[in-house]
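**Student:** Just so we're aligned: the sequence shown equals residues 2 to 293 in the numbering used here.
This is the structure I have questions about; it appears just below.
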Amino acid sequence: ENALDQYRRQSGTVIVCAAGNQGDSATHASGTISAQEEVEFFVDTGENVLIMTVWMHAPDQFSLSMVTPRGHVVERIPRDILGPQRIRVPVENTVINVEYSRERSWNGEQAAVIRLERPSEGLWRLYLYGDTLLDGTYDIYMPLRQWLRPNTRFLKADPAGSVTIPGTAASPVTVGGYNHLTSSLYPASGRGPTRLGRIKPDVAAPSVGIYGPVSPDGYQARSGTSSGAAIAAGGCAQILEWAITYGNQPGISPANIKALLYRGAVRRPEISYPNNRWGYGQLNILRSLENG
2 ENALDQYRRQ
12 SGTVIVCAAG
22 NQGDSATHAS
32 GTISAQEEVE
42 FFVDTGENVL
52 IMTVWMHAPD
62 QFSLSMVTPR
72 GHVVERIPRD
82 ILGPQRIRVP
92 VENTVINVEY
102 SRERSWNGEQ
112 AAVIRLERPS
122 EGLWRLYLYG
132 DTLLDGTYDI
142 YMPLRQWLRP
152 NTRFLKADPA
162 GSVTIPGTAA
172 SPVTVGGYNH
182 LTSSLYPASG
192 RGPTRLGRIK
202 PDVAAPSVGI
212 YGPVSPDGYQ
222 ARSGTSSGAA
232 IAAGGCAQIL
242 EWAITYGNQP
252 GISPANIKAL
262 LYRGAVRRPE
272 ISYPNNRWGY
282 GQLNILRSLE
292 NG
């Protein structure tokens, strides 16, 4: 995010990112802690290692405990213990590693990394305790769906906040996906907001059954927000040609390009924009150039 945001004022440049395909992956959970919060998640058969990261907004601080599928209780681990805590669960052959991090330098937030080695199949319970609470909201993330067994998931997952890095950065054009045949949102399309409350994606582009080159197999139909991002990148190249080559806006900046995309986006009357599914609407480069 920080690296990409260095380009926000560089004229003649635009970065396009996919919003990711985690919107329906059930790998993100969120909520608000009052004093104690229970979060349930299921671990599928054959999951070798499961890593989860817990975040809370500054200045909130938390600690945690866990209960395994067979009822073994991992007592509350104090937040002020330095270094990783390694706990071997009797009988279940599972090792639980928990490490709290100090406030991160880029956002001042506390985090905890939970690593489950050979986790038992079944329903796990994670308990979060508010040590210092002002806002009380938390986010918990599993790895991307493609790195997990099919049924490993949060039971009460939150599709919001599922835009993947680096699409969460401020300056790139982050592209969500929709089905251009039905005008419906692509179910897997990443949805905002970011953890900083930023609206993402910026726009939505066709992302279902997109026919394009796939080396070395010629052409295939693919689905995913990467397909939508490729279409949007081509559209941004056309805007750069219009702006620089044809002299309409020689000093065009990434912010200018995003503004053009926003103006030209197709917005449906029944939907309020901008929002964290569609951004400012459906990509339409012709309308963007006409409104430039």
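Heads up, the beta-carbon is just placed ideally off N, CA and C, and yes, glycines get one too.
1) Between the C-alpha atoms of residue 48 and residue 141, what's the straight-line distance to the nearest angstrom?
2) Given this structure, state the Cα-to-Cα distance separating residue 223 from residue 180, to the nearest angstrom.
3) Looking at the structure shown, is residue 14 part of a helix, part of a strand, or coil, going by DSSP?
4) Pull up the distance between the alpha-carbon of residue 19 and that of residue 262, whole angstroms please.
5) Per DSSP, residue 101 forms a beta bridge with which residues?
6) Is there contact between the stretch 114-130 and the stretch 64-75, where contact requires at least three CB pairs shorter than 8 Å?
7) State buried or exposed for residue 99, treating a residue as buried only when at least 16 other CB atoms are found within 10 Å of its CB.
8) Could you check what DSSP says for residue 59 in three-state terms: helix, strand or coil?
9) Should residue 315 and residue 173 be called a contact, given that it needs their Cβ atoms to be closer than 7 Å?
10) With residue 214 as the anchor, note down where its beta strand (DSSP E) starts and where it stops.
11) Just to confirm my understanding: we take residue 90, look at its own chain, exclude 5 residues before and 5 after, and list those with CB closer than 8 Å. What are they?
12) Please name the residue, chosen from 197, 217, 220, 228, that lies closest to residue 205 on a Cα-to-Cα basis.
13) Report the rounded CA-to-CA distance for residue 175 versus residue 169, giving the unit in angstroms.
14) Are residue 233 and residue 155 touching if we call contact CB-CB under 7 Å?
15) Closest by CA to residue 139, which one among 25, 110, 192?
16) Could you check whether the stretch 281-291 touches the stretch 233-250, counting it as contact only if at least three pairs of C-beta atoms, one from each stretch, sit closer than 8 Å?
17) By alpha-carbon positions, which one of 44, 58, 216 ends up nearest to residue 143?
18) Cα separation between residue 137 and residue 2?
19) Using CA coordinates, which residue listed in 26, 164, 60, 250 is at the minimum distance from residue 12?
20) Given a cut-off of 7 Å, decide if residue 116 and residue 52 are closer than it, judged by their beta-carbon atoms.
21) Compute the Euclidean distance between the alpha carbons of residue 61 and residue 254, then round it to the nearest angstrom.
22) Buried or exposed: which applies to residue 317, given that a residue is buried once 16 or more other Cβ atoms fall within 10 Å of its Cβ?
23) Measuring alpha carbon to alpha carbon, tell me which of 92, 135, 288, 160 ends up nearest residue 36.
24) Take residue 8 and list the residues in its own chain whose beta-carbon comes closer than 7 Å to its own, dropping the five residues that flank it on each side.
25) What do you reckon, are the CB atoms on residue 210 and residue 24 nearer than 7 Å?
**Tutor:** According to the data block:
1) A direct Cα-Cα distance of roughly 18 Å separates residue 48 from residue 141.
2) Each residue's Cα considered, the two are about 12 Å apart.
3) Residue 14 carries a coil assignment under DSSP once its states are collapsed to helix, strand and coil.
4) Residue 19 and residue 262: Cα-Cα distance of roughly 15 Å.
5) 113, per the DSSP bridge assignment.
6) Touching, yes.
7) Residue 99 should be labelled buried.
8) Coil, per DSSP.
9) The first residue shown for the chain is 2 and the last is 293, placing residue 315 beyond what the model contains.
10) For residue 214, the uninterrupted beta strand (DSSP E) run begins and ends at 211-214, by DSSP.
11) 69, 73, 75, 96, 97, 121.
12) Ranking 197, 217, 220, 228 by Cα distance to residue 205 puts 228 first.
13) Here the alpha carbons of residue 169 and residue 175 stand approximately 8 Å from one another.
14) Judged by their CB atoms, residue 233 and residue 155 are not nearer to each other than the 7 Å cut-off.
15) Nearest in C-alpha terms to residue 139, of all of 25, 110, 192, is 110.
16) They touch, by the three-pair rule.
17) Checking every option, the nearest Cα to that of residue 143 belongs to 44.
18) If I take the Cα positions, the gap works out to 25 Å.
19) When each option's Cα is compared against that of residue 12, the closest is 250.
20) Pairing residue 52 with residue 116 gives a Cβ-Cβ distance under 7 Å.
21) Distance between residue 61 and residue 254, taken at the CA atoms: about 37 Å.
22) It is not possible to answer for residue 317, since the shown part of the chain is limited to 2 through 293.
23) Distances from the alpha-carbon of residue 36 to those of 92, 135, 288, 160 put 135 closest.
24) So the list reads 14, 16, 172, 255, once near-sequence residues are dropped.
25) Not closer than 7 Å, so no.
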